[in-house]
Structures are given as structure tokens and as C-alpha cells.
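S.K.:
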Amino acid sequence: MSYVELNDIRVSYDNKTDILKDLNLSIEKGELVSLLGPSGCGKTTTLRVIAGLIEPNDGEFIVDGKNLTKVPVYKREFGMVFQSYALFPHLTIKENIAFGLKLRKEKKSSIDKKVKDILAITGLGELGDRYPKQLSGGQRQRVALARALVIEPKLLLLDEPLSNLDAKLRVAMRIEIKRIQSQLGITSVFVTHDQEECFSISDKVAVMNKGIIEQFDTPEEIYKNPKSEFVARFIGFENFFDLTPIEKGKYKTVDGTTFLSTRQWEPGKHIGTIRPDDIDIVSNTESTATNTVSGTIKVRTFLGKSYQYEIETSIGALLVNEVDDVIYQVGDTVTLMIPAHKLIIV
Amino acid sequence: MRKNAGLQIFAWIVFAFLIVPLIIIVVTSFGTNSTIQFPIKGFTFDWYGKVFNNESFMNSFYLSLEIAFIATVLALVVGIPAAYSLARHKVFGRNWIKSFFLSPTIVPGLVVGYAVYQFIVIQFQFPIFQGLLLGHFLICIPYVIRVVGSTIEQLDFSIEEVSWTLGCTKLQTFIKVVLPNITSGIFASFMLAFINSFNNIPVSQFLSGPGVTMLPTNLMNYIEYNYDPSVSALSVVLMLGTIVLMFIIEKTLGLTSIS
Amino acid sequence: MTQQRRLPYIILAPGMILLIVFLVLPLVSIIFPTFFDGGFTLTHYISFFMDEYNMSIFWRTIRISLIATLFCVFLGVPTAYYISQSPKKWRGLLMSITLFPLLTNSVVRSFAWITILGQSGIINTTLKNIGLISKPLTLLYTEFSITVGSVYLFLPLMVITLVGILENIDSEIMEAAETLGANRFIAFMKVILPLSVPGIIVGSILVFTGSLTAYTTPQLLGGNRNIMLATFLYQNATALGNWKGASVIALIMIAATVIVMKLFDWVAKRMDKRGEASA
Ligand SMILES: Nc1ncnc2c1ncn2[C@@H]1O[C@H](COP(=O)(O)OP(=O)(O)OP(=O)(O)O)[C@@H](O)[C@H]1O
Ligand SMILES: [Mg+2]
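Right, here's the structure in full:
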């Protein structure tokens, strides 16, 4: 049994449509798990179920062997970092951070020490006596983190904590969060819709779609082996085409060409997908050879480090990124090579 | 999904406190007994007939409408340009002048009425009607300054500048660009001023004479000597008026705009 | 260019003149004589404050206004919070329930309490019918009835002022407090209440100064024995024919209003540590 378990969680706000449909998730102690998915897929809802801000219609939520499904939010002792930070505007930074400790009726000396320590860890040292309005966005974000961490939560929940920061600060803060999280060994759930952010920070990623988890794996696994078309699309596979499985590792395209793939295949899967980076443009190859297809260049876009070509082929339009010195023109006919070890079947 | 039973009960007791007394009035207006009773015996519309046939009530009703309407319009005519000027122009002592325009709210209504009565009616021998009108103008002007003023402040100044660059004079711009964009504020302040003028008692209390008595004052005087359901019936008529106004406001501006 | 600079004053002039001629001058004309009796004098004010009867009216007015204000805060804050937390489609209805009394004539609203509290009013009839009392209780024409009437008159104002403030408080703040271990009640007391202080103060100014200068409620619900400042002014000016006395009371009412406003503002500034007046 895992440290945190969500079993068959169902949530509906209006008792008509299910926002979460029998969602299952297991998190090991000390892990940082991300919920990744497009807007409206139910990430925040999942996090709020974990926090206890929403009671699920069905299913159970277990931490450390204890069923917490009906335990009210204020008794769960989880730290939560809100997207808006939700700092108390009428309290100083120190008072904000001490809020949870005071409710636990800790001794003043112990509170002072803990607040001081967490201010140091989060790099807020001198700012303790200011009010939230007097801080920058990044500083506020740290206060929100410090306030959630100082109660030594069993679980740390972060809902898009970086989305209000500018690009540079986001990168700096995510490194910071990862550092503090692993330093303190706090089991964490991190919500984001930014895949780079997600991959860089997480031990495991749950890719969500319309209230279910499509894939739950390490970032590397998800990047390399998406299990469904949705996951593949979401993490940057842009080329999709129908294939007919013939035998293990061997497929036929709609125009009869044989495509080989060294990647896994599960019965029922019949869509080939590959990243634009992984397709090669080759000249002088017969278009009937295996794993090749020919087509005409329709659009060329300069991306900086490479050119992107949109190529009309007999198996559909394909996007190809090429760094080559050879620059093709719109209207050129080219042959595309789809490497067997890069072709994924979903 | 997350309800708090204690808070809910508390709030609904308060809502009951706010609304039940008025419902009681509605019920008592249908009683057949010649004094007010609750629960009522019998059922009749007679008291409504009595109200509409009471010449004194009807006259004061028309007077109240007339005064409230003219006072409000006068306040708009004087107040809208003033509010615009305070919002847009560099005026020396701007905050002070604004407070001055809002000052009738600080002076208690009865004192306003008393002062106007002493000065205008007694000393300068103005007719009571004019006194009433001025007193009610004083009630209305702060609403215009406040509501129209904040609407103008929220209006993007650059649309006026664009209009100037396109060749409109300042007056044309005010009429063609500013006014059409602040109609909701003007309407809201009209409603607020009208309702408050119509309902006001203290200001009119001194300003009353033979044939010139505002409806609320008239009703109040009537209550001191009578305790019959015609008071309830008239109250219900006034409440219906309130409902109609609230409905108009809700449909045009939304109720939140006047709160 | 000079015409440009004069324009605003030309626009402001009509309103200013009307206010000066029909508000300031009348006020001065009634207040001025209270300071002159041959020469400059404060005797009218000193004797007002030395007179026991006058002072009993003064303190009654303060007392009733204060109690009404406290009740409006006590009843208004949770109710406003409830409204601000309710779903959008309900909020309109709840706001209407609150606004409706506010927009209804205050004579009507006071009259409602006559029918409830009077000798043969609803409370007395009900209590008699179930046999709890044999003689009617004296509820009407007491300080109690004025206080109830004042709370009834001004509670909507308090609620509406507070809803405006509470709606702007990020709901995640309440949730943050809960995740940190505060139950609903504690979170309300420690977070929502302090954040609504600016609204409570604005509302309290409205209720307190409103009750302090109210005329209709004490007139209809107070009777002859429970006179307040406004009714006292009216009595002086009409029945007693004491113009100067009425003017003295007028200035006292204005002064009390201004002092209360300044006092509350001062409290608000001291309590609002964020350096901003609104939440
Ligand atoms: N309080 C609510 N009442 C009704 N529906 C809601 C409520 N909160 C969320 N929803 C709906 O539930 C769905 C999931 O919402 P959720 O906030 O969990 O999405 P999300 O994945 O966090 O999206 P985002 O990335 O935009 O934050 C959405 O369709 C949303 O409209
Ligand atoms: Mg979300």
C-alpha cells in the first residue's frame, strides 16, 4: 500500500456531469508527483479533494493507512500553496507563517524559532515584519510556501504556484521548491499545465484528461513512451497517422507501405506517432522502401535553430523539423524517413 | 458542497427579521376589522379603495412625485457638469469642493429642513413648495456627485482625447462622447436620488402647510391619530412602488449597482 | 488660456451657489444667533449641557445609537458573509431581501413595528392567547422599541456595505486558513472579521450617525416620554416655540455627526495596518 492513495474518486459539482471519474492515484512517501493536463481537466479539483476542500461523491482517500475521506480540511494537517497565494493581508509575513503554529497552541519560543528557520530556508530573512502588499510576486510566493511548510505537513499541495511569476522567476522558483521539498523530504502534489516545469520538478507525473488519469509514470517514461494519443499530443508529438498491425513490430500504412517499429505495441493500438524532430528528410531513397513516405512541401517556417516543414504525404500532413544545411523550397518533393526506434504506436 | 448550518440558520433568522414585519403589514391590509389585527378576520379590499378615494393622500402622493422628480432633475442638471469638472479638471481645492457637494449628507435631514424653513420660508417668505423643492434638491445632489462622479472616473479619458483630435469641441465631446458613456451612472443616480427624495421625511417635516404636505409626512401624521388598516393598505401600495422600482433597476443596471 | 482655466469654476459655480445660498446661509442664519445674546456667548450651549432633562435626552440618543450600531454589526457581519459566500443565482435574491426594506419608506417600516409591539400588537395578542400573560406588556413607546426600530431601519445598510467588502476577499484566503488548521469559526474570527473591519467601520458610521439624527423612528416608536435629539428639536421649534433651543440642538446634532465620523475614521486608520483603506 502506498503512502497516499486515491481510490475510485468521483466528483460532480452539479450531480449531472462527473468532473472526476473514478480517479485512482498512488503516491509514495517523499515523492513529488505532478498533475499535468489542459485547462479544465480537473487538476485543481483533484488537489482540493486531497486537501479536503471538496468531499468526493464516491471513493476514498487514504494517507498512511488512515481513511481521511470524511476528515475536515482543518484536521488534515496538509500544507497548501494556492495559485493566488492567499496570504492574509492583515498579518505580517511572520504572523502569516506563524498562523498555523499558533492554532496548534505551540509555545511562543518554539514558534519564533520555527518561523525564523523557515524564513531562512526560503530566503526571506529580512522581510518578516512586512505586510504581503509590500512584497514582490516571487517573495509572496515564498511566503505562501513557507507558511505551508512550517506546520511540517504530512503532504504539501501546490496549485500552479508559479503561474503568476515571470518566466525567469518561474525557473528559479521551481528549482527552489524542488530543493526545499527534497531537503525536507515532504511528499508533495504539484499541479501545473506547463510540461517543462512539470518534467523538471517531478518524480512522477500524472497526465490528466477530462477527469481521468491517462498515464502515471516517471517524466522520462512519459516523454519517451506516451501510452495514449492524448498524452502524446500533450507532450509534443504532432504527427499522427493510421496503421494496420500485421505482426509484432510490423504495420502497414493506408497506402500499403510497411512501417516497422521497435517500440511496444498493445492489442487495439493502431495510430503511429512521431515527434517532428525525429523525422528525417532523405533524398535518393525509393519511396516504397520500409519506413519511408514521400510528399510535397507546403509551408516552411523558420524556428531559429531549425526549419519546420509542413509536408503533404499519402499518409497525411506531417510536420518535420530539420537542422540540415540543405534548405528545401516550398513545392519540393522529398522523401521522409521515419526511424523504427522512434515510431510509437498509441 | 461546503455548507455551514449555524451560519445559514443565523442568516435566515436575520432575513426573516428583515422581511416578516413587512409581510405582516401586507396581511393586515386585508382585514375587515376597523382597527389593525393579526391574524386578520375576514378578507376585504375596502381599505385600498379608501386609500385611493382619500383626497388628502392622493394629493400628497402627487406632490411627492412632483417634488422628487423636479428636485432630482435639478440635481442632475447642476450635478453632472460639476461631477465631470471635479473628475477631469485641475480644480483648486478639488477634494474640498467635492466634500462640500457631499455635505448635505452630513447635516441631519431634520436640521436641513429646519434651516431651509427658517431662512427661506419664514425670513424670505418663499412659498412652501419652493422650500420643499430646495430641501429635496439638497437630498439629491450628493447622490449625483458621488455616483456620476465615480462613473466618469472609470471612463477612459483617452476616448475624449480621441474625440478632440477628430475635431470635436469640448462641449460637443461632452455631449457626444461622455454623456452616452455615463448613462448608466446617470440613471443609477436618478433612481437613488428619486427614491430617497420620495421616501424622505425629516427634510419635509417642517416644510408642510395647507395642501402642501408630502405623502410620508401625511402618512406619519395620519398614523398618530389612526390605527386602521388603510395605513397598511397605503404601505402596501408604497411597497409595490418599491418593487416596481427595484425591478426596473434590476432589469436595467442590476441591483448591485445601487448598493 | 485663461478662459480654459476659468471653465471648471464656471461649471462648478451653479451648484456651489445653490448650496451656499440654500444650505450654508440657512444653517448660518439659525446657528449664528445661538452664539449672540448682546455679545458673543456660549450660555445657550452651556445651559443645554447643564440641564438634566436635556442631558437625559442627549445620553438616551447616544445610548440607543450605540446599542443599535452594535446590534447591526452583530447581525450584519455573519449575514453579509453568508450572502457573499452564496452562489451567484441566490445572491440576487438575498440582496433583494436586504434592499427591499431599505428602499421602503421609513414610516412604513416603523409602522410595522407598531403593529408588532403595540398594546394590541402581534406579540401581546399571541402571548395572551397562549396564556403566558394576562396584561399586555409595554413594548411600544420605550427605548426598546426605538432600538428595535433603529436596528430594523439601518441593518440593511450595514449588510450591503459589508457585502461589498466581503465579496472582494479572495475565497482562497479562507481555505488557506482552513488548511493551516483553523475550523470555520476560527478562520472567520481570525481572517474574515479582521479583513472586514474597514466595512464594519463604514457601516457603523452610517448606522450610528443615522440613529443619532433619526426623526421618524423615535417619533413613531418612542412616544412622548422617550424623546431623542431630533424629536426634541422638532418639539422645541413647534410646540414650545423655542427657536433658539431648536437651533442649539441642530448644531449639537451636526457636531455629534462630524465628531462620530472623525472618531470612526481615526479608529479605522489605526486598525488598518496595511496602509490601505479597503480590503
Ligand atoms: N465550484 C465549481 N462548480 C461547478 N463547476 C466547477 C467548479 N469548479 C470547477 N468546476 C468545473 O470543473 C472542471 C474542472 O475544473 P478544475 O478547476 O479542476 O480544472 P483545472 O484542471 O484545475 O483547470 P485549470 O488549469 O484551468 O486550473 C471545469 O470544467 C470547471 O468548469
Ligand atoms: Mg486549476
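So the sequence lines, in the order shown, correspond to chains U, D and Z. Okay, so the first sequence: first residue is 1 according to this note's numbering, each after it adds one. Okay, so the second sequence: first residue is 347 according to this note's numbering, each after it adds one. Okay, so the third sequence: first residue is 606 according to this note's numbering, each after it adds one. Virtual Cβ for every residue (Gly too), placed ideally from N, Cα, C.
#1: Would you list the residues sitting across from U/ALA206 in a DSSP beta bridge?
#2: Examine ligand 1 and report whether any of its heavy atoms sits within less than 6 Å of the Cβ of U/LYS43.
#3: Tell me whether D/PRO367 is buried or exposed, calling it buried when 16 or more other Cβ atoms sit within 10 Å of its Cβ.
#4: Among the candidates U/ASN24, U/LEU20, U/SER2 and U/LEU53, whose CA atom is the shortest distance from the CA of U/GLU31?
#5: Quick check on the burial criterion: 16 or more other C-beta atoms within 10 angstroms. Buried or exposed for D/TRP510?
#6: Give the secondary structure of U/ARG263 by DSSP, where H, G and I count as helix, E and B as strand, and everything else as coil.
#7: Going by the DSSP bridge assignment, what does Z/MET763 pair with across the sheet?
#8: Does the Cβ of U/HIS270 have 16 or more other Cβ atoms within 10 Å, making it buried, or fewer, making it exposed?
#9: What whole-angstrom Cβ distance do U/GLY100 and U/ARG147 have, given they're in contact under 8 Å?
#10: Name the two residues that bound the continuous alpha helix (DSSP H) containing D/PRO575.
#11: Under the criterion of a Cβ to heavy atom distance below 6 Å, does U/ILE433 qualify as lining ligand 1?
#12: With 9 Å as the C-beta to C-beta threshold (strictly closer), list the residues of the stretch 783 to 816 of chain Z near chain U in chain order.
#13: Could you check the C-alpha separation between U/LEU149 and U/LYS305 for me, to the nearest Å?
#14: Spatial neighbours of Z/LEU707 within its chain, please: C-beta separation below 8 Å, excluding the five flanking residues on both sides.
#15: Among the candidates Z/HIS649, Z/LEU745, Z/ARG875 and Z/ASP870, whose CA atom is the shortest distance from the CA of Z/ARG830?
#16: Against chain U, does Z/LEU781 count as a neighbour if the rule is that its beta carbon must be under 7 Å from one of theirs?
#17: In chain order, what residues of the same chain lie with their CB nearer than 7 Å to the CB of U/SER200, ignoring the 5 residues before and after it?
#18: Which of the residues in the stretch 41 to 75 of chain U, read from start to end, lie with their CB under 9 Å from any CB of chain Z?
#19: Listing by chain order, which chain D residues have their CB less than 9 Å from the CB of Z/SER711?
#20: Output yes if chain U places a C-beta closer than 7 Å to the C-beta of Z/ILE770; else output no.
#21: Does the distance between the C-beta of U/SER39 and the nearest non-hydrogen atom of ligand 1 fall short of 6 Å?
#22: Mind checking whether U/LEU36 and U/VAL207 have CB atoms under 7 Å apart?
#23: For a contact defined as C-beta to C-beta under 8 Å, what are the partners of Z/LEU630 on chain D?
#24: Is the stretch 391 to 411 of chain D close to the stretch 554 to 562 of chain D, with three or more CB pairs under 8 Å?
#25: Strictly below 7 Å CB to CB, what residues from chain Z border D/ILE474?
#26: Using 8 Å as the threshold, is the stretch 414 to 431 of chain D in touch with the stretch 570 to 584 of chain D, meaning 3 or more CB pairs across them?
#27: Would you grab the beta carbon distance between U/ASP64 and U/ARG10 for me? Rounded to a whole angstrom, and I think it's under 8 Å.
#28: If you count every other CB in all the chains shown that lies within 10 Å of the CB of Z/TRP718, and 16 or more means buried, which is it?
#29: Against chain U, does Z/ILE778 count as a neighbour if the rule is that its beta carbon must be under 7 Å from one of theirs?
#30: So Z/PHE837 and Z/ILE688 are supposed to be a Cβ contact under 8 Å. How far apart are they, rounded?
#31: Go ahead and pull the three-state DSSP assignment for U/ASN67.
#32: Taking the continuous beta strand (DSSP E) assigned at D/PHE384, which residues delimit it?
#33: Are the C-beta atoms of Z/ASP642 and some chain U residue less than 7 Å apart?
#34: To the nearest whole angstrom, what separates the beta carbons of D/GLY477 and D/ILE466, a pair I think is in contact under 8 Å?
#35: I want to verify the contact list: residues of chain D whose CB lies under 9 Å from the CB of Z/SER634, in sequence order.
#36: Below 8 Å on the Cβ atoms is my contact criterion, and I expect Z/SER816 with Z/THR709 to pass it. Report the Cβ-Cβ distance as a whole number of Å.
M.R.: To lay it out plainly:
#1: Under DSSP, the beta-bridge partners assigned to U/ALA206 are U/LEU35 and U/PHE216.
#2: Flag set: Cβ of U/LYS43 near ligand 1.
#3: Around the CB of D/PRO367, 16 or more other CB atoms lie within 10 Å, so the residue is classed as buried.
#4: Ranked by Cα distance from U/GLU31, the first of U/ASN24, U/LEU20, U/SER2 and U/LEU53 is U/SER2.
#5: Exposed.
#6: In this structure, DSSP gives U/ARG263 a state outside helix and strand, which the three-state scheme calls coil.
#7: Answer is none; Z/MET763 lacks a bridge partner.
#8: With fewer than 16 other Cβ atoms inside 10 Å of its own Cβ, U/HIS270 counts as exposed.
#9: Correct: roughly 7 Å between the Cβ atoms.
#10: Residues 575 to 598.
#11: This structure cannot speak to residue 433 of chain U, because chain U is shown only from 1 to 346.
#12: Answer in chain order: GLU783, THR784, LEU785, GLY786, ALA787, ASN788, ARG789, ILE791, ALA792, LYS795, VAL796, PRO799, LEU800 and VAL802.
#13: The alpha-carbon separation between U/LEU149 and U/LYS305 amounts to approximately 41 Å.
#14: Contacts found: PRO761, LEU762 and ILE765.
#15: Checking every option, the nearest Cα to that of Z/ARG830 belongs to Z/LEU745.
#16: In the sequence under discussion, the amino acid at residue 781 of chain Z is Ala, which differs from the Leu named in the question. True, the Cβ-Cβ gap to chain U drops below 7 Å.
#17: Cβ neighbours of U/SER200 beyond the five flanking positions: ARG174.
#18: Listed by position along the chain: ARG48, ALA51, GLY52, LEU53, PRO72, VAL73, TYR74 and LYS75.
#19: ASN545, ASN546, ILE547 and PRO562, listed in chain order.
#20: No, because no Cβ of chain U sits closer than 7 Å to the Cβ of Z/ILE770.
#21: Flag set: Cβ of U/SER39 near ligand 1.
#22: Yes. Within cutoff.
#23: For Z/LEU630, the chain D residues whose Cβ falls inside 8 Å of its Cβ are PHE465, in order along the chain.
#24: Yes, the stretch 391 to 411 of chain D touches the stretch 554 to 562 of chain D.
#25: Residues of chain Z with a Cβ closer than 7 Å to the Cβ of D/ILE474 do not exist, since the nearest Cβ in that chain sits about 14 Å away.
#26: Too few Cβ pairs lie closer than 8 Å, so no.
#27: About 23 Å separates the Cβ atoms of U/ASP64 and U/ARG10, ruling out a contact at the 8 Å cut-off.
#28: The residue in question, Z/TRP718, is buried, as its Cβ has 16 or more Cβ neighbours within 10 Å.
#29: At least one C-beta of chain U is nearer than 7 Å to the C-beta of Z/ILE778.
#30: With a Cβ gap of about 37 Å, Z/PHE837 and Z/ILE688 do not count as contacting.
#31: It is a strand residue.
#32: Per DSSP, D/PHE384 lies in no beta strand (DSSP E) segment and is marked neither H nor E.
#33: For Z/ASP642, the answer is no, since every Cβ of chain U falls outside 7 Å of its Cβ.
#34: In this structure D/GLY477 touches D/ILE466 by the C-beta definition: roughly 5 Å separates them, less than 8 Å.
#35: In chain order: ALA461, GLN464, PHE465 and GLN469.
#36: Contact between Z/SER816 and Z/THR709 does not hold, since the beta-carbon distance rounds to 18 Å and is not under 8 Å.
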